[in-house]
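Residue numbers (UniProt numbering): 1 to 232. Backbone N, C-alpha and C fix where the C-beta goes; we use that ideal spot for every residue, glycine too. To start, the structure itself, in structure tokens.
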Amino acid sequence: ASMRIAVGLARSLACLSLTARPRGHTAAMSGGALPELCVFDLDACLWDKEMFQMSDVPEQGDVVLGQLNGRGEGVRGVRSGSDTIALHTGALIALQEHADGMHPGMRVALASSADTRFAEQVGRAALKLLEVVPGLTVWDLLMRDWEGRDVNQIGRQPPLSSNKATSHFPRLKEATGVAYDRMLFFDDCNWGDHCAMVASACKEEQSGKGVVTVRTPRGLGEAEWRGGRPAG
Numbered sequence: 001a002s003m004r005i006a007v008g009l010a011r012s013l014a015c016l017s018l019t020a021r022p023r024g025h026t027a028a029m030s031g032g033a034l035p036e037l038c039v040f041d042l043d044a045c046l047w048d049k050e051m052f053q054m055s056d057v058p059e060q061g062d063v064v065l066g067q068l069n070g071r072g073e074g075v076r077g078v079r080s081g082s083d084t085i086a087l088h089t090g091a092l093i094a095l096q097e098h099a100d101g102m103h104p105g106m107r108v109a110l111a112s113s114a115d116t117r118f119a120e121q122v123g124r125a126a127l128k129l130l131e132v133v134p135g136l137t138v139w140d141l142l143m144r145d146w147e148g149r150d151v152n153q154i155g156r157q158p159p160l161s162s163n164k165a166t167s168h169f170p171r172l173k174e175a176t177g178v179a180y181d182r183m184l185f186f187d188d189c190n191w192g193d194h195c196a197m198v199a200s201a202c203k204e205e206q207s208g209k210g211v212v213t214v215r216t217p218r219g220l221g222e223a224e225w226r227g228g229r230p231a232g
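Here you go:
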């Protein structure tokens with residue numbers, strides 16, 4: 001119990017320090033163009049839970065049905081023990097818009113520094129159960145973008161690390177062929193300012209520009225999604 005209290009205090013202090021800053025770097029891609037790659041963190045950003053705190057790997061019998069933002073009934077949550085993992089509202093909207101082809105030329109991927117192998121297993125299982133629209137899971141959408149290739153960088157086991165700027169993003173660039181200055185990244189930054197580290201380290205030599213980043217300390221809401229990408 002004392003360990004959970006200490007972790008909770010540390011996270012609260014991190015949230016306070018970050019909410020005093022601007023909510024995120026919302027500069028659009030050069031010329032107002034859409035990003036070619038939209039990258040999402042998982043825990044406390046795309047969805048509302050921290051995978052290292054979950055007790056069980058979700059299975060088909062753990063799905064929770066609900067309304068998918070007016071698109072019909074589907075898998076709105078998945079249970080892990082006494083917890084239920086669910087996409088944040090803005091994340092669901094973002095993925096639905098992408099599924100509908102509203103942002104031509106943009107693809108999506110994940111960059112998560114899940115603490116343990118078990119946390120990674122929980123996260124991957126949840127991705128294969130949570131639905132964007134009825135019958136289409138988050139994982140289905142990710143695989144559709146990359147013709148079945150898993151380009152996602154999830155975890156911190158080698159060759160990944162806890163530093164997304166030095167492991168996750170270089171690997172994403174290599175796997176996708178997308179330049180840093182064509183990427184948009186959403187991260188809660190509650191356990192470290194991944195946005196600042198990625199924005200500082202992941203730049204293109206020729207343009208001098210890098211990944212556009214948006215902090216989501218309270219999870220990816222609709223406002224963060226709308227602010228992170230250019231209008232139209």
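CA-to-CA distance, residue j to residue i, given in whole angstroms
i       : j       : result
Ser-80  : Gly-208 : 44 Å
Gly-177 : Glu-36  : 10 Å
Asp-188 : Val-75  : 24 Å
Gly-105 : Arg-182 : 11 Å
Leu-160 : Gly-227 : 29 Å
Arg-107 : Glu-204 : 19 Å
Arg-149 : Lys-128 : 15 Å
Lys-173 : Val-138 : 21 Å
Asp-193 : Ala-179 : 21 Å
Gln-206 : Phe-40  : 25 Å
Ser-82  : Arg-117 : 21 Å
Candidates the options, of which the one nearest residue i by Cα
i           : options                              : result
Gln-60      : Gly-66, Leu-130 and Ser-82           : Leu-130
Glu-50      : Val-132, Gln-121, Val-63 and Gly-135 : Gln-121
Gly-135     : Ala-33, Val-211, Thr-216 and Gln-67  : Gln-67
Phe-169     : Ser-200, Val-138 and Ala-111         : Ala-111
residue 240 : Val-211, Glu-204 and Leu-220         : The first residue shown for the chain is 1 and the last is 232, placing residue 240 beyond what the model contains.
Lys-164     : His-103, Ala-201 and Pro-58          : Ala-201
Ser-55      : Leu-92, Phe-40, Ala-119 and Trp-191  : Ala-119
Glu-222     : Leu-92, Asp-193, Tyr-180 and Ala-179 : Leu-92
Same chain only: Cβ atoms within 6 Å of residue i, ignoring 5 sequence neighbours per side
i       : result
Arg-156 : Ser-113 and Ser-162
Leu-142 : none
His-103 : Leu-34
Pro-22  : Here Pro-22 scores only 32 on pLDDT, less than 50, and its place in the model is too uncertain to base an answer on.
Residues bridged to residue i (per DSSP)
i       : result
Ala-201 : Per DSSP, none; premise fails for Ala-201.
Val-108 : Cys-38
Ala-86  : Gly-77
8 Å Cβ cutoff met for residue i and residue j
i       : j       : result
Cys-45  : Leu-184 : no
Ile-85  : Ala-126 : yes
Trp-47  : His-88  : yes
Phe-52  : Asp-140 : no
Leu-220 : Gly-101 : no
Ala-109 : Trp-225 : no
Sequence-distant residues of its chain with Cβ nearer than 8 Å to residue i (five each side left out)
i       : result
Arg-171 : Gln-153, Pro-159 and Leu-160
Gly-77  : Val-63, Val-64, Gly-66, Thr-84, Ile-85, Ala-86 and Leu-130
Cys-195 : Gly-24, His-25, Phe-185, Asp-187, Cys-189, Thr-213, Val-214 and Arg-215
Val-133 : Leu-68, Arg-71, Gly-72, Gly-74, Gln-96 and Ala-99
Pro-58  : Val-78, Arg-79, Ser-80, Ile-85, Val-122, Ala-125, Ala-126 and Leu-129
Beta-carbon proximity list for residue i, same chain, < 7 Å, skipping 5 on both sides
i       : result
Ala-175 : Val-151
Gly-123 : Leu-42, Met-51, Ser-112, Ala-114 and Ile-154
Val-198 : Lys-164, Ala-165, Phe-169, Phe-185, Val-211 and Thr-213
Ser-167 : Pro-159, Leu-160 and Ser-161
Arg-144 : none
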